[in-house]
Amino acid sequence: MNKHNDGDGAYSRLAPETVKREPNLLDTWMANTNKTAVYPDSFNKELTGAVYLALGLNGEAGEVADEIKKILRNDNGIITPARYEKLKLELGDVGWYWLRLCKELGFSLEEVMAANIEKLAKRYEHR
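Numbering (this note's numbering), first residue to last: -16 to 110.
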């Protein structure tokens, strides 16, 4: 049985089958990434997509971290409206690479999210 975080830090028990959901914006986003997924040719066709996407995910996560750094350095620890919008855009890029990497590796989004819920529930079951 999986545990699920209800958003307040408390985990409730969920059977794995309850993690399934109806199509929504996440599904639409995944479908739309097909239009913008362009990967370079490589010596290893099986790994090209995964390597390219993993590097892109890391790069975009770095851009999020850089924006947070700028909040501390330039904005006196205050998230300005402009910085807030920049973070939203960069987090969208992180999401794009995450979605594509899931697809490239053959994972459904539900499978990845459910595995993460279960991993974190086990990690924090003592709390």
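Just so it is clear, CB atoms sit at the ideal spot from N, CA and C, and this is done for glycine as well.
Since this is a predicted model, take the numbers as computed values, not measurements.
Pairwise C-beta distances place the segment 72 to 91 in contact with the segment 36 to 43, as three or more of them are shorter than 8 Å.
If you ignore the 5 residues before and after leucine 84, its C-beta comes within less than 7 Å of the C-beta of Ala33, Leu36, Ala37 and Leu40, all in its own chain and listed in chain order. Of all C-beta pairs linking the segment 67 to 77 to the segment 45 to 57, three or more are shorter than 8 Å, placing the two stretches in contact. CA-to-CA, the gap between phenylalanine 90 and arginine 106 works out to about 22 Å. CA-to-CA, the gap between tyrosine 67 and tryptophan 12 works out to about 21 Å. Per DSSP, the unbroken alpha helix (DSSP H) holding alanine 48 starts and ends at 28 to 57. Around the CB of alanine 97, 16 or more other CB atoms lie within 10 Å, so the residue is classed as buried.
Taking the C-beta atoms as reference points, leucine 92 is found nearer than 8 Å to leucine 9.
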